[in-house]
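Under the working numbering, the sequence shown has 286 at position 129, and the numbering climbs by one with no breaks.
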Amino acid sequence: MSFQNFDCTTCGACCFGGHDHYVVLLPEDRGRVIPDEAVREIEGRRYMRMQGGHCAQLCRSPDARLVCGIYEVRPEACRAFRAGSFECLKARQYRGHLADAMRHPVSAPPLRAETERPEADLPPAHIVANRPKGRMKPPA
158 MSFQNFDCTT CGACCFGGHD HYVVLLPEDR GRVIPDEAVR EIEGRRYMRM QGGHCAQLCR
218 SPDARLVCGI YEVRPEACRA FRAGSFECLK ARQYRGHLAD AMRHPVSAPP LRAETERPEA
278 DLPPAHIVAN RPKGRMKPPA
């Protein structure tokens, strides 16, 4: 399988990782001007800061693509990640759903207005309190 047949789909799956040590900054990254707020130091090593399970520099564009906020100066580890590679396909398989949720957030259902009286949907208290204990018999 040739990697050049694949384009980056800007799915963002490669930017999701389960821990703060996900993207380490290598010696090759010393010359890059990566913003200080994008970096976190842990036990003497520098990593890209993670937020919500993904690199904090991952941004949602207006057209629902996931893009790198520091693409021009991204770390060597990110540059080495090739679209269509084994790692890319595995990231899409295991973390693609996380990226999809970021690309297409589901809005929360509207809250009831205080005046709608949500308690009207509940059964009267005496029905709930006098419920028989144990298993209910199936309807005949």
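Cβ coordinates follow ideal geometry from the N, Cα and C atoms, glycine included. On a predicted model such as this, the values are computed, not experimentally measured, just so you know.
By the Cβ rule, the region 231–238 counts as touching the region 173–186, because three or more pairs are nearer than 8 Å. Within the region 174–210, the runs of beta strand (DSSP E) at least 3 residues long that lie entirely inside it are, in chain order, 196–199, 202–205. Residue environment: R202 is assigned as exposed (fewer than 16 neighbouring CB atoms within 10 Å of its CB, all protein chains considered). By the C-beta density criterion, A170 is buried, having at least 16 other C-beta atoms within 10 angstroms. Per DSSP, C216 is one residue of the beta strand (DSSP E) stretching across 215–217.
With a cut-off of 8 Å on Cβ pairs, the region 219–233 is in contact with the region 188–195, counting three or more such pairs. The continuous alpha helix (DSSP H) containing C235 extends over residues 233–237.
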